[in-house]
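2 protein chains.
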Amino acid sequence: MAGRTYGEIPGYPVGSAFVNRTELAMSKVHRSNQGGICGGQDGTESIVVSGGYVDDEDYGTEIVYTGQGGNDPATRRQIADQVLTLGNAGLARSQLEGYPVRVVRGSGGDPTWSPVAGFRYDGLFHVVDHWHEIGKDKFRIWRFRLAALERVDALPAYLSLAGPATRIPSLVQRIVRSTAVALGVKQLHDYCCQVCDIRLTTDAGPYVEAAHIRPLGRPHDGPDVATNLLALCPNHHVLFDAGAFYIADDYTIYATATGEILGRLRIARQHLIGREYLAYHRETHGT
Amino acid sequence: MAGRTYGEIPGYPVGSAFVNRTELAMSKVHRSNQGGICGGQDGTESIVVSGGYVDDEDYGTEIVYTGQGGNDPATRRQIADQVLTLGNAGLARSQLEGYPVRVVRGSGGDPTWSPVAGFRYDGLFHVVDHWHEIGKDKFRIWRFRLAALERVDALPAYLSLAGPATRIPSLVQRIVRSTAVALGVKQLHDYCCQVCDIRLTTDAGPYVEAAHIRPLGRPHDGPDVATNLLALCPNHHVLFDAGAFYIADDYTIYATATGEILGRLRIARQHLIGREYLAYHRETHGT
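Each protein sequence line maps, in turn, to chains A and B. Numbering (UniProt numbering) for the first sequence: 1 to 287. Numbering (UniProt numbering) for the second sequence: 1 to 287.
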C-alpha cells in the first residue's frame, strides 16, 4: 500500500479536535499540510471537508465531495475541467478496493456539521460512488459520495455480553444490494446476464445481480423500479457501475475507453428499460 | 417472493417475548407451528434456535445453525444424512439473495443467550455461509452461519442530528471483504482471475477480488495469509464460495455438480497455495 495508513490512527478517536492544519498533519490523521485529499492514485488515506469547493454537499453521515483540480484558491470557483488523476483517481481506487477514508471537517464547511473553529476528525467513511457532472461554475467536476461506516455498538443489552464476535480483519470492498423489485427482473431473465448471457449456477440455485441504471440514493435518486434495473452477472455489474461500458438507446453496448462496440443488450418484451436512465448513466459514468 | 415476509414484523421489536409456539405463530414472527425453519426453498423467513440439534453453536451475535432433517425428535440425535432441500435449500437461497432472517430463541437453547422460558425475537440476521460436515452423531449435516445485522444507531451525537440518511431500501446480497494481505496477491497476479484469466478494467484501474480458500471467521477460522488466498474475478468468486467448483491438489478445476474438468488454476511461482486449504474447501463445499 505504498506506505499508506488506512483506517483509524491510534490515539485519535472520533471527535478529536485540532487547532490548525499543522497540528492535524502532525497527528497523521491527515498528513498533507495543504491538500484536501491525502493519498495517491493508489488510494486515499484521508480528506478534509472545509468548504473549499462550492459544489460540496454535507449531510452528516453522507458527503458528496468534489474532486481536486481546476479550482482558483483565491475565489474558490472552478476555472477548468477536473480530470480523474492524482487524488481523484485515488478516491476512485479507494471505492474499488473498499479502503476506509478518514474524514476531517474544518470550520469553513457546512455550519450544521462543521466545528466552530479548527478541525475535527469525524471518523471513517467509505467511498460508495463516483461520477462526473457539470458543476455550478460550468466546468466538469468529479464527484464522490462518501458514507459513514456502520457501527455495531448498539446491540440489545443481552447480546452485548457476547463481546466482540470473531472479528474478521477486513475492508469492505463491495456491497451488492438487492431490493424488493429485483427478484422479478432476475426471474424474468431466468438469472442470465443481459450483457453476456452467463448464468451462474450454485447449489442454492442460479445467481444474478440486479443493477440500478440510475443509482439509488443521494444525489442521483434513481427510482427502485424494474425499468431502472438490469440483470447482470457480477463481472458486468462491477464494469457497469464503474462506467467501463455504456448502453445506447438502441441497446448497443460500447466500451467507454475506446468506443468499441462490445455487443447488444439482451432485452425481454416484458421488461421495458427506461431510456432516460440509460441516458443518465451515459452522462454521469461514461467519459 | 411467494407470499413471504422478510424482515421485521410491525409491532414486534427486538426482545418481544412469546409464551409458546402458538403465540409465536400467531404473531407471524415465526409462522410455522412446529418446524425450526419457516420458509421454502425460495428463501427462509425465520428460524427458531432452541437446542433441538446437538451441533448448534450460539455466540450471541453469531449462530452456527444446523439444517433440518435426519433428526430423531425423541432423542434429538442425527440418525441420517441431511440434504440441501426444503428449509436447508431456503437458508442457502437466503444467503445468495441477501434476505434477512428473523431469529427466535427458545428456552431450550444455549443458556447464555436464551430466554428462561418461552420464546424471544432476537432480531434480523444474515446467512453469511453454508457448508456441510460430519456432525457429532457421524452423519452429514448442513451448517449455516448467521450474523446479526449491523446497526447505525451509535453515531456520535453531533452526527445523529442528520436523522435518517437517504435510506436505500435494500437487502444486502453480498459483501465482498478485502484484507491487508489481499493487495499483494492481487498485484502478483496483475489483477487477472486465476481461473479464467479475465482482468476487469475500470477508470479507477483493474479490479479483481481476493477469495479466502478456507473461510475466515467462526467456525472455519482460516488464516489471513497469502497461501490461503486466490485472485478471482467476481463471477468465479461467487462460484467458488458457493462450492460450484473445487480445485484438486494438482490445480485441476472440477465442476462439483458433474465432476467435469473445467480447466486448471493459473499459478504463480511467487504465490504458493496451501494444499491443506484446498482440501478443506473440497471437504466442506464440494458435494
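From the three backbone atoms N, C-alpha and C, an ideal C-beta is built for every residue, glycine too.
Using a Cβ-Cβ cut-off of 6 Å (strictly less than) and excluding sequence neighbours within five positions of residue i, which residues of its own chain qualify?
i	result
K28 of chain B	I9
R266 of chain B	Q194
S32 of chain B	C38
G40 of chain A	G90
P219 of chain B	V64
G7 of chain B	P100
W131 of chain B	R143, T284 and H285
R145 of chain A	V64, V128 and D129
V19 of chain A	G118
V104 of chain B	H30, V48, F119 and Y121
C192 of chain B	R199
Starting from the C-beta of residue i, find all residues in its chain whose C-beta is less than 8 Å away, skip the five residues before and the five after it, and write them out in chain order.
i	result
T44 of chain B	I37, C38, G87, G90, L91, R93, S94, Y99, V101 and V127
G108 of chain B	S50, G51, G52 and S114
L239 of chain A	F245
F139 of chain A	G70, Q78, I79, A80, D81 and Q82
E260 of chain A	Y254
T5 of chain A	K28 and E45
Q34 of chain B	R21
D224 of chain B	T179, A180, V181, H212 and L216
Hey, does residue i have any beta-carbon neighbour from chain B nearer than 8 Å?
i	result
P234 of chain A	yes
residue 298 of chain A	Look at the range of chain A in this structure, 1 to 287, and you will see that residue 298 of chain A is not part of it.
T22 of chain A	no
A25 of chain A	no
T179 of chain A	yes
Y277 of chain A	no
R174 of chain A	yes
L272 of chain A	no
L200 of chain A	yes
L229 of chain A	no
L124 of chain A	no
L155 of chain A	Confidence at L155 of chain A is low in this model, with a pLDDT of 37, below 50, so its placement is unreliable and no value can be given for it.
A165 of chain A	Confidence in A165 of chain A is poor, its pLDDT being 43 and thus under 50, which makes the residue's placement unreliable; the coordinate value appears in the next sentence. With 8 Å as the cut-off, A165 of chain A counts as an interface residue toward chain B.
State yes or no: is the beta carbon of residue i nearer than 8 Å to at least one beta carbon in chain A?
i	result
Y280 of chain B	no
R266 of chain B	no
G40 of chain B	no
G98 of chain B	yes
S146 of chain B	The amino acid occupying residue 146 of chain B in the given sequence is Leu; Ser does not appear at that position. L146 of chain B does not count as touching chain A.
A226 of chain B	no
L84 of chain B	yes
V104 of chain B	no
A89 of chain B	yes
A92 of chain B	yes
V48 of chain B	no
V238 of chain B	yes
L188 of chain B	no
Determine which residues share a DSSP beta bridge with residue i and list them.
i	result
V176 of chain B	A:R174
R264 of chain B	B:T252
Y246 of chain B	B:Y254
residue 290 of chain B	Because chain B here runs from 1 to 287, residue 290 of chain B falls outside it and cannot be looked at.
A231 of chain A	A:A210
By Cβ distance below 7 Å, which residues in the same chain neighbour residue i in space, the five residues on each side in sequence not counted?
i	result
G60 of chain B	W113
K186 of chain A	V208, A210 and A231
residue 288 of chain B	Nothing can be reported for residue 288 of chain B, as the shown portion of chain B is limited to 1 through 287.
G184 of chain B	A226
A148 of chain B	T61, G123 and F125
S178 of chain B	A210
K136 of chain B	V54 and D55
L262 of chain A	F245, I253, Y254 and A255
Check: In chain order, what residues of the segment 202 to 214 of chain B put their CB closer than 8 Å to some CB of chain A?
Finding: T202, D203, A204, G205, Y207 and E209
Self-check item: chain A contacts from the segment 240 to 262 of chain B (Cβ-Cβ distance under 7 Å)
Solution: A242, G243 and A244
**Members of the segment 130 to 141 of chain A that neighbour chain B once the beta carbon cut-off is set at 9 Å** = H130
Discussion item. My parser needs the alpha helix (DSSP H) runs of 4 or more residues fully inside the UniProt domain "YDG" (7 to 148) of chain B; what are they?
Written reply: 21 to 27 and 86 to 97
Inset, instruction - Tell me the start and end of each unbroken beta strand (DSSP E) in the segment 179 to 227 of chain B that is at least 3 residues and wholly inside, in chain order. - result: 200 to 202, 205 to 207 and 209 to 212
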